[in-house]
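Numbering (numbering that gives the first Met the number 0), first residue to last: 0 to 365. Notes follow the structure.
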Amino acid sequence: MHPAPAISTCLPQTTVSGVATLSELDLQDAIHARDPHLIMEAVMEGAALHKEAFGWSVVDECDYSGLTAMALAVLLDSRHEGVCAVSTLLSAGGRLDTVDARGRTLLHFATSAPVARFLVEHGVPLPQGARERWLRALAAPPGRVLFDEGVPLAMPDNDGALPWMAVQLTHAGFAYKPWRSVVTLSEADIAYVSHRRQWGIGNVRALWPQTVYALSAADELAMHLVDGELKHAAQLIGLGAEQNLPQTDLFIEADDGDREYLDLTALGVATVLDSVDGTIHRLALFDASQLGGFHGKYRSTLLHLATAPVVARWLLDHGAPFDVKDSSGRLPEETLPPATAALVVAHRLSRVLPDSAGTSRPGGRL
């Protein structure tokens, strides 16, 4: 059987162009915070949901312009692997069938399975028969259900480009860069949602009871670590929250200079904040066998992030790699404060230099 031909017809524009008003700038901030209550307030102040007035950029990753509030919400929800901002906007009068000046549907901005599923289930424009294909593929583990190139899965934009997630549903696209499978919190798990988000969800549902939320356990875990709610953080880890999803940015003010950390995993967040506090309260929640790999932007290992000696000592004692370079070619000891760096150097030398029996011990695991 030959694959069905690709869809080539572009959809007409349904959005409008314009400059953001003050209420729309408030809405933009609320979407970035993914705060349901603030989103609701901005919409009630008259913020337009389908005006191409916004932009969004991430260093070394993407640069979007001409975004509507709905498109921005899809991008931010995708980055956090859950449904929150876009579902709040939908309840507030937003539409999922919009097409912008470049022919992009909201599906063009979805880069995670939970968000793509929400859009497909709630009415984003699709070719005939595509909805069933999407739901079948997204209900299975990543890569289990894939389609031949040319099978109609989504509407192209004006340049003929298909949404990223549609490409990943093909054999060739998934082989190039598969999407993740993450644990999302159901309605029964609402007790594990951070208090500030739970409060916002409650206020929105008082007005719009049918609003759907499917929050990433990994995203909530990072928020609990930031807020110091360690009991809930431990419960989320027990639920299977992804510990190595790079999605959290932190800005730390310090006497020796401010530091910005990008794309931290939950383990990365724990390492940075425990370093600030001079404790290992957050790190102690995690399985110590998972300390390898990269946990921040620019291939930062946990030791690259451990500025406090007590944290570095704990990581070294539990087998974290100490001899792995970041994307700039620097070892952890070359990026850390002097006292912490000296500790790492001493540990490395103890592993490199032979012991009394004339044997050297291996470095940490990556």
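Ideal Cβ positions, reconstructed from N, Cα and C, are used throughout, including at glycine. Quick caveat, the model's predicted, so the values are computed rather than measured.
Item	Value
Nearest-angstrom Cα distance between Leu335 and Gly292?	18 Å
Going along the chain, which unbroken runs of the beta strand (DSSP E) with 3 or more residues stay wholly within the segment 225–302?	247–251, 258–263
Does the separation of the CB atoms of Ser86 and Tyr191 fall below 8 Å?	no
Would you call the segment 98–109 in contact with the segment 218–229, where contact means no fewer than 3 C-beta pairs closer than 8 Å?	no
Leaving aside the five residues before and after Gly81 along the sequence, list all residues of the same chain whose C-beta is less than 7 Å from its C-beta, in chain order.	Pro113, Thr183, Ala213, Leu214, Ser215, Asp218
So, for Gly239: in the same chain, excluding its five sequence neighbours on each side, which residues have a beta-carbon less than 6 Å away from its beta-carbon?	Val182
Compare the C-alpha of Glu44 against each of Ser56, Ser22, Gln27, Pro35 and name the closest.	Ser22
Should the segment 31–49 be regarded as contacting the segment 85–100, the criterion being three or more beta carbon pairs within less than 8 Å?	yes
So, is His346 buried or exposed, given that buried needs 16 or more other C-beta atoms within 10 angstroms?	buried
Would you mind sorting Val351 into buried or exposed? The rule is 16 or more other CB atoms within 10 Å of its CB.	exposed
Can you give me the start and stop residues for the beta strand (DSSP E) that Ser64 sits inside?	61–66
Going by the CB atoms, is the gap between Ala72 and Ile30 shorter than 8 Å?	yes
Of the choices Val123, Gly328, Leu37, whose alpha-carbon is the least far from that of Ser299?	Gly328
Would you please state the rounded distance, in angstroms, between the beta carbons of Ala269 and Leu282? I believe it to be under 8 Å.	5 Å
Which whole-angstrom value is the C-beta distance of Gln12 and Asp99, which I expect to be below 8 Å?	6 Å
I believe Ala305 touches Thr278 by the beta-carbon criterion, under 8 Å. Please report the beta-carbon distance rounded to the nearest angstrom.	Incorrect: roughly 12 Å between the Cβ atoms, too far for contact.
Quick one: grab the DSSP three-state call for Ser77.	helix
According to DSSP, is Leu125 helix, strand or coil?	coil
Comparing alpha-carbon positions, which option in Leu235, His121, Thr110 lies nearest Lys176?	Thr110
Please state whether DSSP places Phe371 in a helix, a strand or coil.	What is shown of the chain runs 0 to 365, which leaves residue 371 out entirely.
Provide the residue span of the alpha helix (DSSP H) that contains Leu168, from first to last.	Neither: Leu168 is in no alpha helix (DSSP H) and is coded neither H nor E.
What's the gap between the Cα of Asp34 and the Cα of Gly318?	38 Å
For the alpha helix (DSSP H) that contains Asp28, what are its first and last residues?	21–32
Would you call the CB atoms of Asp322 and Leu330 closer than 8 Å?	yes
Thinking Leu235 and Asp248 are a contact (beta carbons under 8 Å), I'd like their distance in whole angstroms, please.	Rounded, the Cβ-Cβ distance is 19 Å, inconsistent with contact.
Quick one: what's got a C-beta closer than 6 Å to Val225's C-beta in the same chain, skipping five residues either side?	none
Going along the chain, which residues of its own chain have a beta-carbon closer than 7 Å to the beta-carbon of Ala52, five neighbours each way excluded?	Gly17, Val18, Ala19, Glu23
Does Ser215 come out as helix, strand or coil in the three-state DSSP assignment?	strand
Which term fits His170, buried or exposed, when burial requires 16 or more other beta carbons within 10 angstroms of its beta carbon?	exposed
Could you spell out where the alpha helix (DSSP H) holding Val119 opens and where it closes?	112–120
Verify whether the separation of the beta carbon atoms of Ala153 and Ala129 is less than 8 Å.	yes
Could you check which residue in Val275, Gly295, Leu10, Gln246 has the C-alpha nearest to that of Leu125?	Leu10
Candidates Arg143, Gln167, Pro245: which alpha carbon is nearest Gly149's?	Gln167
Hey, Leu95 and Gly122: beta-carbon distance below 8 Å or not?	yes
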